[in-house]
Amino acid sequence: MDRPRHADDAGRAALKPHTIRMHDRDNVAIVANDGGLPPGTVLPGGLSLRDRVPQGHKVALVDIAAGTPVLRYGIPIGRAIQAIAAGSWVHERLLQMPAARGLEGLPIATGQAAPQPRLDGHTFEGYRNADGSVGTRNILAISTTVQCVAGVLDFALQRIRAELLPKFPNVDDVVGLEHGYGCGVAIDAPGAEIPIRTLRNISLNPNFGGEVMVVSLGCEKLQPERLMPPGSFAITPAEPAQALNVVRLQDDAHVGFMSMVDSILRQAEHHLERLDARRRETVPASELVVGVQCGGSDAFSGVTANPAVGFCTDLLVRAGASVMFSETTEVRDGIDQLTSRAATPEVAQRLIDEMAWYDAYLQRGKVDRSANTTPGNKQGGLSNIVEKAMGSIVKSGSAPISNVLSPGEKLGAKGLTYAATPASDFICGTLQLAAGMNLHVFTTGRGTPYGLAAVPVIKVATRSDLARRWHDLMDVNAGTIADGSATVEDVGWELFRLMLDVASGRKKTWAEHWKLHNALVLFNPAPVT
Ligand code: CA
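Offset between the sequence shown (1-based) and the working numbering: plus 215.
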């Protein structure tokens, strides 16, 4: 009676070979079956495997001559180093990566898709701020100017959680915006504006309700007035700027450690009182500001999770919301797709400028975009950055790209934005927070427990095997697309509806449930001293 029938079903399914080809031109397909397929397996088209092909890895569908292109997503992901017989495992050592596309002669705003119909009638319950932005959580954030204060602030945060938060039941949490910047840095060097504006703009994230409070040491280079210049944090343009609320640990008034901690608690209480008065109200889905990214990618990322996120991105754009995609080294190889999708020639030029800036940044370190792929990516079947990039870009859906942000800038536009960031999960998430995201979507194939303290992170698994094993870490299973039990559209809609529930506070993500919070990690291209 209690016999687990699904195990039998899964066993049968595992025996039926299943491969996925992304484009009619492709001469390879990837193996979808859990555990891969043994040599001798006969694929539905009659092709017999010559090698064991691991799950997510490529099999040659035809004989591929030495020196000819291996095609996936309809584009060359490399050239065969030697002849590859049909039915062979096409692993990374058999491929020579193509050179990066130059930044000259690109198609400029020539390939926008036809506008899709508006999607009206979807709402969520959010916290409307005085500046018009909308929060999905109600959090007190305490900014810091320098790492030196982190230990004192952590001590104070424990007391705030224990002594103050119970008095303010409408406040979800208190977080310290801690970081490694602030002193021992060349603060006037080119590039230093990036970490500084990142910290400033994170303090203004919609989830923090316009309440700005800073803990400073006193002697650091990043003085509070430089972090938050007068006028930068006025809650509405009509309101005069408030005086910046700073607790400075080196002030003469502080005698002993407890005096510093008491000062932080005293100031925090004023902000908590105001935050506690916030109430959720019904707002249109157009108030979502969603950052999408991927991490721990495998060959399924570009087949299941990222296309589902891309479908959802299109739904969000149709609903009038803001969506950011990022990760420069993962889109660099598809720059011609991006400039062609740019809404205007100006947007296309800004895309090119961001790519050129990043090319130069990598050259200074004597690397190129090929430094992106990890051992885990390769084990997961991604041979190189070209293949990874094609699977990464699909998160952006098909809408025209209407805006570009440089690292650390704040978003002020609806529609689809390219927010230039490194692909590093923590740096990308930190920069998307600074841009003002109120919801984060993260796809993963190898698996990562990633989370952020300031916004909910919805994690999407690319494979059912990962979703089963990490059942209390993954929020959505896009592996159903590879299993054949759901379509890209089904999972895209599931994600869209879950986003509205999570944004409303009706549902928590697993990372929120377990309080899994990665550190903020700043992007600082300038020297340290
Ligand atoms: Ca990433």
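Where is the CB? At the ideal position from N, CA and C, for every residue including glycine.
Fill in: CB contact flag (residue 681, residue 662, <8 Å)
Position 466 of the sequence shown holds residue 681. Position 447 of the sequence shown holds residue 662. Yes; because the gap between Cβ atoms is below 8 Å, this pair is in contact.
Worksheet entry | residue 425 to residue 348 span [Cα, whole Å] | Along the sequence shown, read from residue 1 onward, the residue named residue 425 stands at position 210. Along the sequence shown, read from residue 1 onward, the residue named residue 348 stands at position 133. Straight-line Cα distance between these residues: approximately 10 Å.
Practice prompt. Could you tell me if the beta carbon of residue 508 falls within a distance shorter than 7 Å of some heavy atom in ligand 1?
Written response: For the purposes of this step, residue 508 is taken as the residue at position 293 of the sequence shown. Yes - ligand 1 has a heavy atom lying nearer than 7 Å to the Cβ of residue 508.
Item to complete: Would you kindly work out how many angstroms separate the C-alpha atoms of residue 536 and residue 281, rounded to a whole number?
Response: Taking the sequence shown and counting its residues from 1, the one referred to as residue 536 is at position 321. Taking the sequence shown and counting its residues from 1, the one referred to as residue 281 is at position 66. Cα to Cα, the separation comes out at about 47 Å.
Item to complete: Below 6 Å CB to CB, which residues in the same chain sit around residue 429 once its five sequence neighbours on both sides are set aside?
Response: Here residue 429 refers to the residue found at position 214 of the sequence shown. Here the set comprises 358, 439, 461.
Discussion item. DSSP has residue 342 in a bridge; who is on the other side?
Written reply: The residue labelled residue 342 in the question sits at position 127 within the sequence shown. Beta-bridge pairing links residue 342 to 350.
Fill in: Alpha-carbon to alpha-carbon, residue 294 and residue 595
Indexing the sequence shown from 1 puts residue 595 at position 380. Indexing the sequence shown from 1 puts residue 294 at position 79. Each residue's Cα considered, the two are about 20 Å apart.
Worksheet item: Helix or strand or just coil, what does DSSP make of residue 462?
Response: Translated into positions along the sequence shown, residue 462 becomes position 247. Strand.
Discussion item. Using a 10 Å radius around the Cβ and a threshold of 16 neighbouring Cβ atoms, would you call residue 465 buried or exposed?
Written reply: Here residue 465 refers to the residue found at position 250 of the sequence shown. Exposed, by the Cβ-count rule.
Worksheet item: Is residue 211 near residue 528, with beta carbons less than 8 Å apart?
Response: This structure cannot settle anything about residue 211, because the visible part of the chain is limited to 216 through 744.
Practice prompt. Give the range of the beta strand (DSSP E) segment to which residue 527 is assigned.
Written response: One-based indexing of the sequence shown puts residue 527 at position 312. Not the beta strand (DSSP E): residue 527 falls in the alpha helix (DSSP H), residues 520 to 533.
Discussion item. Please return the same chain residues whose Cβ sits closer than 7 Å to the Cβ of residue 593, not counting the five positions on each side in sequence.
Written reply: One-based indexing of the sequence shown puts residue 593 at position 378. Within the same chain, residue 593 has close Cβ partners 307.
Worksheet item: Beta carbon of residue 542: closer than 7 Å to some heavy atom of ligand 1?
Response: Locating residue 542 in the sequence shown gives position 327, where the first residue counts as 1. Within the cutoff, so yes.
Worksheet item: From residue 543 to residue 326, what distance separates their C-alpha atoms?
Response: For the purposes of this step, residue 543 is identified with residue 328 of the sequence shown, where counting begins at 1. For the purposes of this step, residue 326 is identified with residue 111 of the sequence shown, where counting begins at 1. The straight-line gap from Cα to Cα measures roughly 21 Å.
Worksheet item: Start and end of the beta strand (DSSP E) containing residue 287?
Response: For this step, residue 287 is matched to residue 72 along the sequence shown. Here the beta strand (DSSP E) through residue 287 covers 284 to 287.
Discussion item. Could you check whether residue 355 and residue 262 sit closer than 8 Å to each other, using their CB atoms as the reference points?
Written reply: Position 47 of the sequence shown, counting from 1, holds the residue named residue 262. Position 140 of the sequence shown, counting from 1, holds the residue named residue 355. In this structure, residue 355 does not lie closer than 8 Å to residue 262 by Cβ.
Discussion item. Measuring only from the beta carbon, is residue 638 closer than 7 Å to any heavy atom that is part of ligand 1?
Written reply: Within the sequence shown, the letter at position 423 stands for residue 638. Yes, ligand 1 has a heavy atom inside 7 Å of this Cβ.
Discussion item. Among the candidates 396, 655, 641, 567, whose CA atom is the shortest distance from the CA of residue 504?
Written reply: For this step, residue 504 is matched to residue 289 along the sequence shown. The candidate whose alpha carbon is nearest that of residue 504 is 655.
Worksheet item: Who are residue 496's beta bridge partners in DSSP?
Response: One-based indexing of the sequence shown puts residue 496 at position 281. DSSP, once it has assigned bridges, lists 341 as partnering residue 496.
Discussion item. Can you give me the C-alpha to C-alpha distance between residue 477 and residue 622, rounded to a whole angstrom?
Written reply: For the purposes of this step, residue 477 is taken as the residue at position 262 of the sequence shown. For the purposes of this step, residue 622 is taken as the residue at position 407 of the sequence shown. Computed Cα separation, rounded: 36 Å.
Discussion item. Does the contact criterion of 3 or more C-beta pairs under 8 Å hold for the region 549 to 565 versus the region 720 to 735?
Written reply: no
Discussion item. Going by DSSP, what residue range makes up the alpha helix (DSSP H) through residue 556?
Written reply: In the sequence shown, residue 556 corresponds to position 341, counting from 1. Per DSSP, residue 556 belongs to the alpha helix (DSSP H) from 550 to 556.
Fill in: Cα-Cα separation, residue 452 to residue 582
As a first step, residue 452 must be located in the sequence shown, where it is residue number 237. As a first step, residue 582 must be located in the sequence shown, where it is residue number 367. Residue confidence for residue 452 is low, a pLDDT of 48 falling below 50, so the modelled location carries little weight; the figure read from the coordinates is stated next. Roughly 44 Å separates the two Cα atoms.
Worksheet item: So is the beta-carbon of residue 765 under 7 Å away from any non-hydrogen atom of ligand 1?
Response: The shown model of the chain, from 216 to 744, leaves out residue 765, and the question about it has no answer.
Worksheet entry | Sequence-distant residues of its chain with Cβ nearer than 7 Å to residue 588 (five each side left out) | The residue given as residue 588 occupies position 373 in the sequence shown. Cβ within range, chain order: 597, 599, 600, 603.
Worksheet item: Using DSSP with H/G/I as helix, E/B as strand and the rest coil, what is residue 166?
Response: Limits of the chain in this structure are 216 at one end and 744 at the other, which puts residue 166 out of reach.
Worksheet entry | Own chain, CB closer than 8 Å to residue 566, minus 5 neighbours either side, in chain order | In the sequence shown, counting from the first residue as 1, residue 566 sits at position 351. 550, 553, 554, 557, 616, 619, 633, listed in sequence order.
Worksheet item: How big is the Cα-Cα spacing for residue 575 and residue 237?
Response: As a working mapping, residue 575 is identified with position 360 in the sequence shown. As a working mapping, residue 237 is identified with position 22 in the sequence shown. So the two alpha carbons sit approximately 33 Å from each other.
Worksheet item: Who are the Cβ neighbours of residue 350 in its own chain at under 7 Å, not counting the five residues just before and after it?
Response: As a first step, residue 350 is located in the sequence shown; it is residue number 135 there, counting from the start. Correct list, in chain order: 341, 342, 344, 421, 422, 424, 653.
Practice prompt. Report yes if the C-beta of residue 643 is less than 7 Å from at least one heavy atom of ligand 1; otherwise report no.
Written response: Stepping through the sequence shown from its first residue, residue 643 is reached at position 428. Checking every heavy atom of ligand 1 against the Cβ of residue 643, one is found closer than 7 Å.
Worksheet item: Straight-line CA distance for residue 298 to residue 309?
Response: Taking the first residue of the sequence shown as 1, we reach residue 298 at position 83. Taking the first residue of the sequence shown as 1, we reach residue 309 at position 94. When rounded, the distance between both Cα atoms is 9 Å.
Discussion item. Could you give the first and the last residue of the continuous alpha helix (DSSP H) run that contains residue 480?
Written reply: Numbered from 1 along the sequence shown, position 265 holds the residue referred to as residue 480. Residue 480 -> alpha helix (DSSP H) spans 472 to 491.
Worksheet item: Which two residues bound the contiguous alpha helix (DSSP H) that contains residue 603?
Response: Taking the sequence shown and counting its residues from 1, the one referred to as residue 603 is at position 388. Per DSSP, residue 603 belongs to the alpha helix (DSSP H) from 600 to 608.
Discussion item. Assuming residue 431 is part of the beta strand (DSSP E), what are its boundary residues?
Written reply: Start at 1 with the first residue of the sequence shown, and residue 431 comes out as number 216. Counting along the chain, the beta strand (DSSP E) containing residue 431 begins and ends at 428 to 431.
Item to complete: Could you check the C-alpha separation between residue 561 and residue 323 for me, to the nearest Å?
Response: Walking along the sequence shown from the start, residue 561 turns up at place 346. Walking along the sequence shown from the start, residue 323 turns up at place 108. Looking at the two C-alpha atoms, the distance is approximately 9 Å.
Worksheet item: Under a three-way DSSP split, which group does residue 388 fall into?
Response: As a first step, residue 388 must be located in the sequence shown, where it is residue number 173. Residue 388: strand per DSSP, three-state reduction.
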